[in-house]
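Residues in the sequence shown are numbered consecutively from 158, following our numbering. Where is the CB? At the ideal position from N, CA and C, for every residue including glycine.
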Amino acid sequence: MKIIMLGAPGAGKGTQAEILNEKYNIPTISTGAIIRESIKSGSELGNKVKSIIESGQLVSDDIVIEIIKNRLAEKDCENGFILDGFPRTVKQADALYDLGILIDYVISIEVDDEDIIKRLSGRRECSKCRATFHITNNPSKKGDVCDKCGAPLVTRPDDEPETIKARLEVYHDQTEALKDYYEGKNILHKVCGTEGIEATTKSIVAILEK
Ligand code: AP5
158 MKIIMLGAPG AGKGTQAEIL NEKYNIPTIS TGAIIRESIK SGSELGNKVK
208 SIIESGQLVS DDIVIEIIKN RLAEKDCENG FILDGFPRTV KQADALYDLG
258 ILIDYVISIE VDDEDIIKRL SGRRECSKCR ATFHITNNPS KKGDVCDKCG
308 APLVTRPDDE PETIKARLEV YHDQTEALKD YYEGKNILHK VCGTEGIEAT
358 TKSIVAILEK
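And the structure:
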């Protein structure tokens, strides 16, 4: 199964990708997570993109296309993968197609901007394994530490209110057009992302197992 998770920042792409990864045992590839790791490690790439990601703008197409190209060439992607956060522009979608990769399902998780703002301001992320929580919708069973690995939970720097606004603008300007792009290829499936995490998973699984 080759799946793309589409949706506004905070729509629940990462949360659902993590669940599908466990259920179907196919790798999740999150360009955001790869970029955050490179910032954390202080690599040349990380230093180059740090201010871009923290301002809520998109990293250049060429950089993310190169990241994806290398990652998809790895052995664990042979039998499928879940793309979380890629593509985000028509140029990126074209690049995926040019690589000869045919996607089976594009799942667009639909959440309005007002809910997104509430969600992202309550999101917490594990500083080690990157598991995602929410202070009310999906709290860690262990309070301020991750209930999977025990590391402290942190707020992502791009979850500050002004940056959330900028990311939503970028989504509407540059990424939302991908819904028409994939609708034209008959592989777009919209799911409601406001009925809780389990209900959203149920809707996605119903599409994948139809
Ligand atoms: P990225 O890491 O991809 O961030 P994003 O798209 O903004 O998405 P998020 O990770 O913020 O949200 P999500 O949809 O995964 O939601 P989550 O599951 O966490 O990208 C970050 C940055 O990297 C970009 O801004 C850009 O600079 C750069 N970048 C990355 N990819 C790029 C690309 N391809 N091109 C260029 N630049 C790129 O859920 C959010 C919260 O809601 C959580 O707290 C969760 O617990 C809660 N929640 C989830 N589902 C539900 C539900 N159904 N009901 C209630 N609460 C829920």
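Exercise for the section: Identify, in the order they occur along the chain, each residue of the same chain with its Cβ nearer than 7 Å to the Cβ of ILE274, setting aside the five sequence neighbours on each side. Expected result: Residue mapping note: residue 274 aligns to position 117 of the sequence shown, counting from 1. Only ILE321 meet the Cβ criterion.
Exercise for the section: Can you have a look at GLU282 and say buried or exposed, based on whether 16 or more other CB atoms are within 10 angstroms of its CB? Expected result: Residue mapping note: residue 282 aligns to position 125 of the sequence shown, counting from 1. It is buried - the Cβ of GLU282 has at least 16 other Cβ atoms within 10 Å.
Exercise for the section: Consider the C-beta atom of THR130 and the heavy atoms of the ligand AP5; say whether any pair is separated by less than 7 Å. Expected result: This structure cannot speak to residue 130, because the chain is shown only from 158 to 367.
Exercise for the section: Would you mind stating whether LYS170 and GLY242 have Cβ atoms separated by less than 8 Å? Expected result: Working through the sequence shown from its first residue, we reach residue 170 at position 13. Working through the sequence shown from its first residue, we reach residue 242 at position 85. Cβ distance < 8 Å, so LYS170 and GLY242 count as in contact.
Handout entry: 4-residue-minimum alpha helix (DSSP H) runs that sit fully inside the stretch 226 to 283, ordered along the chain
Key = Restricting attention to alpha helix (DSSP H) runs no shorter than 4 residues, the stretch 226 to 283 encloses them at 247 to 255 and 270 to 278, ordered along the chain.
Handout entry: Contact with chain B by ASN295, beta-carbon distance below 8 Å
Key = Going by chain labels, chain B is absent from the structure shown, which holds only one protein chain.
Problem - Pick from GLU231, VAL247 and GLU267 that is closest to SER217, judged by C-alpha positions - result: Residue 217 sits at position 60 when you count from the first residue of the sequence shown. If we check each option's Cα against that of SER217, VAL247 comes out closest.
Handout entry: THR289 - DSSP class collapsed to helix/strand/coil
Key = Taking the first residue of the sequence shown as position 1, residue 289 is located at position 132. THR289 falls in the strand class under three-state DSSP.
Practice task
In the DSSP assignment, find the beta strand (DSSP E) that holds LEU215 and state where it starts and stops.
Solution key: Indexing the sequence shown from 1 puts residue 215 at position 58. Segment: none, LEU215 is in no beta strand (DSSP E) and carries neither H nor E.
Exercise for the section: Using 7 Å as the cut-off, classify the Cβ of ASN141 as near or not near the heavy atoms of the ligand AP5, replying yes or no. Expected result: A query on residue 141 cannot be resolved here, the shown segment of the chain reaching from 158 to 367 and no further.
Practice task
Starting from VAL348, follow the beta strand (DSSP E) in both directions and report where the run begins and ends.
Solution key: Translated into positions along the sequence shown, residue 348 becomes position 191. Here the beta strand (DSSP E) through VAL348 covers 345 to 349.
Exercise for the section: Whole angstroms is fine: what's the gap from PRO309's alpha carbon to GLY353's? Expected result: On the sequence shown, residue 309 is found 152 positions in, with the first residue counted as 1. On the sequence shown, residue 353 is found 196 positions in, with the first residue counted as 1. If I take the Cα positions, the gap works out to 25 Å.
Handout entry: Where the alpha helix (DSSP H) containing SER195 begins and where it ends
Key = For the purposes of this step, residue 195 is taken as the residue at position 38 of the sequence shown. Per DSSP, SER195 belongs to the alpha helix (DSSP H) from 188 to 197.
Exercise for the section: Go ahead and pull the three-state DSSP assignment for ILE161. Expected result: Along the sequence shown, read from residue 1 onward, the residue named residue 161 stands at position 4. Residue state for ILE161 is assigned as strand, using DSSP reduced to three classes.
Exercise for the section: Report yes if the CB atom of VAL263 is closer than 8 Å to the CB atom of LEU163, and no otherwise. Expected result: Translated into the one-based positions of the sequence shown, residue 263 becomes position 106. Translated into the one-based positions of the sequence shown, residue 163 becomes position 6. In contact: VAL263 and LEU163 (Cβ atoms closer than 8 Å).
Practice task
Compare the C-alpha of ASN182 against each of THR188, GLU340, ILE160 and LYS298 and name the closest.
Solution key: Counting from 1 along the sequence shown, the entry for residue 182 is found at position 25. Looking at the Cα atoms, ILE160 is the closest of the given residues.
Exercise for the section: If I'm right that VAL348 touches GLY213 with Cβ under 8 Å, what's the distance once you round it to whole angstroms? Expected result: For the purposes of this step, residue 348 is taken as the residue at position 191 of the sequence shown. For the purposes of this step, residue 213 is taken as the residue at position 56 of the sequence shown. Not a contact, Cβ separation roughly 25 Å.
Practice task
On the DSSP bridge assignment, give the partners of THR185 in chain order.
Solution key: Walking along the sequence shown from the start, residue 185 turns up at place 28. In the DSSP output, where bridge partners are listed per residue, THR185 has ILE239.
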